[in-house]
Amino acid sequence: MTEDLNIQSDDMKDLFCHNEGEACISTDRIMVDGKKIGYMYREYPDFDGDSGWRFTAGDEDVEYMENPDNSGLYSLNTVANKDIEIIMFLDFPIGTAFYRDETGNFVKDSFNVLARQEIDAVLYEFNVNNRDDLNSREQSELTAIYEKLKIIKEKFNLSDGDEEEILADIFGECEQ
Numbered sequence: 015m016t017e018d019l020n021i022q023s024d025d026m027k028d029l030f031c032h033n034e035g036e037a038c039i040s041t042d043r044i045m046v047d048g049k050k051i052g053y054m055y056r057e058y059p060d061f062d063g064d065s066g067w068r069f070t071a072g073d074e075d076v077e078y079m080e081n082p083d084n085s086g087l088y089s090l091n092t093v094a095n096k097d098i099e100i101i102m103f104l105d106f107p108i109g110t111a112f113y114r115d116e117t118g119n120f121v122k123d124s125f126n127v128l129a130r131q132e133i134d135a136v137l138y139e140f141n142v143n144n145r146d147d148l149n150s151r152e153q154s155e156l157t158a159i160y161e162k163l164k165i166i167k168e169k170f171n172l173s174d175g176d177e178e179e180i181l182a183d184i185f186g187e188c189e190q
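Going by the numbering used here, the first residue of the sequence shown is number 15, and it counts up by one from there.
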């Protein structure tokens, strides 16, 4: 809701022209609380007009991120009005991610956003909610899951460590 935004509509400027989808998702930590963007990534769009860009302050925990009321759908221009520094990155391809380092500059993240999205889809397909749930599956189902994960791992040239990092991220096991 625009009345809750940390920027007044009178202060909004047309900052750029984006030739692709204009919609994006941003957390309330940025849009309502006024925090700077700390992490941004571009995934496959969810709908026509979606740019695929997702913006977080970087300090949101798993519980916060799982609550859809803590994020909103915005135009890229609206988010850019909150943090103009993102504009130079908006033409980067799907699968790209950036984080703000300790000096405040954006750095390209090597984390594979697309691999994570595809692994997440496999876990969703098999209704896997956490590592215990994954490990408790019958052998035939576990084999089917790991065969699909193996295909993704090969597709994105992931190491065992990369795959484990993605699974830990999905299951919320990353250190905060």
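Glycine residues also receive a C-beta, built at the ideal position from the N, C-alpha and C atoms.
Residue interval of the beta strand (DSSP E) (run including Asp-64) = For the purposes of this step, residue 64 is taken as residue 50 along the sequence shown, with counting starting at 1. 64-70 is the span of the beta strand (DSSP E), which, as asked, contains Asp-64.
Residues in its own chain within less than 6 Å of Asp-42 by CB, not counting five upstream and five downstream?
-> If you number the sequence shown from 1, residue 42 lands on position 28. Result list for Asp-42: Asn-84, in chain order.
In angstroms, rounded to a whole number, what distance separates the CA positions of Cys-128 and Glu-152?
-> Along the sequence shown, one-based indexing puts residue 128 at 114. Along the sequence shown, one-based indexing puts residue 152 at 138. Correcting the residue type first, residue 128 is Leu in the shown sequence and not Cys. Computed Cα separation, rounded: 28 Å.
Beta-carbon separation (whole angstroms), Phe-185 vs Ile-159, contact threshold 8 Å = Residue 185 sits at position 171 when you count from the first residue of the sequence shown. Residue 159 sits at position 145 when you count from the first residue of the sequence shown. Actually they are not in contact, since the Cβ atoms of Phe-185 and Ile-159 sit about 14 Å apart, beyond 8 Å.
Alpha carbon to alpha carbon, how far is Ile-180 from Glu-132? Give it in angstroms, no decimals.
-> Start at 1 with the first residue of the sequence shown, and residue 132 comes out as number 118. Start at 1 with the first residue of the sequence shown, and residue 180 comes out as number 166. Answer to the nearest angstrom: the Cα atoms are 10 Å apart.
Phe-125 vs Asp-183 beta-carbon contact at 9 Å = Start at 1 with the first residue of the sequence shown, and residue 125 comes out as number 111. Start at 1 with the first residue of the sequence shown, and residue 183 comes out as number 169. Closer than 9 Å, so yes.
Can you name, in chain order, every residue of its own chain whose Cβ lies under 6 Å from the Cβ of Tyr-55, other than the five neighbours on each side?
-> Residue 55 sits at position 41 when you count from the first residue of the sequence shown. Apart from the 5 residues on each side of it in sequence, Tyr-55 sits with its Cβ closer than 6 Å to the Cβ of Arg-68, Ala-111, Val-127 in its chain, given in chain order.
By how many angstroms is the C-alpha of Val-46 removed from the C-alpha of Glu-155?
-> The count along the sequence shown starts at 1 and reaches residue 155 at position 141. The count along the sequence shown starts at 1 and reaches residue 46 at position 32. Looking at the two C-alpha atoms, the distance is approximately 43 Å.
Identify the continuous beta strand (DSSP E) that holds Gly-86 and give its terminal residues.
-> Your numbering for residue 86 matches position 72 in the sequence shown. Counting along the chain, the beta strand (DSSP E) containing Gly-86 begins and ends at 85-89.
Alpha-carbon to alpha-carbon, Lys-96 and Gly-48 = Residue mapping note: residue 48 aligns to position 34 of the sequence shown, counting from 1. Residue mapping note: residue 96 aligns to position 82 of the sequence shown, counting from 1. A straight-line Cα-Cα distance of about 8 Å links Gly-48 and Lys-96.
Would DSSP call Lys-162 helix, strand or coil?
-> Locating residue 162 in the sequence shown gives position 148, counting from the first residue. If DSSP states are grouped into helix, strand and coil, Lys-162 belongs with the helices.
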